[in-house]
Amino acid sequence: MAKQLGIETVDLIIPEGCSIILGQSHFIKTVEDLYEIIITSNPKAEFGIAFSEASGPRLIRRDGTDQELSDIAIKNIMAISAGHCFLIMLKNVFPISVLNQVKQCQEIVNIFAATSNPVKVLVARDNEQAAILGVMDGFSPLGVETVDNARERMKFLRNIGYKR
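Just so we're aligned, residue 1 is where the sequence shown starts under my numbering, counting upward by one.
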């Protein structure tokens, strides 16, 4: 017998100057491993982590170096309410600085987004279960890059230190 499945969007809270990494994992040690990955890459990183368990006590596990960022990560994960998802809220650190290390973490199953843009999460719900189907990251394109736009992009990357 088929059950009723609902699909909704969840707007993530991403404060000005912050970025997120949203993903799926499968084990309780995720929070500690993600903490170690971020702090090892940048000991002065400001971040908060929230991870939702999918079985047992089904708690939202948390960690981080900044209580406000941890609280926002928790609020976002509570709004999504899907088991085994995690959210890292970063400040003064771009996701590119830690993303490959996060993807290499043994427990990580999937990365849905790594961005500073507004994000809507597509969530499917069925009674006590929920799943992240995907994300809407930022907005639709308005045109194609011009030569001047390309120069601006290259200048920006050098200004923030990602190109020399």
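Beta carbons are placed, not taken as given, at the ideal position from N, Cα and C, and that holds for glycine. It should be emphasised that the depicted structure is a prediction, and the values quoted were computed from it without experimental measurement.
- In this structure, the straight-line span from the alpha carbon of Asp66 to that of Phe86 is close to 16 Å.
- By the neighbour-count definition (other C-beta atoms within 10 Å, threshold 16), Gln129 is an exposed residue.
- Going by beta carbons, Gly23 and Ile108 fall inside the 8 Å limit.
- Val98 and Ile37 have their C-alpha atoms some 7 Å from each other.
- Per DSSP, the continuous alpha helix (DSSP H) segment holding Arg151 begins and ends at Val147 to Asn159.
- By the Cβ neighbour-count rule, Asp63 is buried, with 16 or more other Cβ atoms within 10 Å of its own.
- DSSP places Lys103 in the helix class (H, G or I) of the three-state scheme.
- Going by beta carbons, Gly83 and Ser116 fall outside the 8 Å limit.
- Here Arg61 is bridged, per DSSP, to Phe51.
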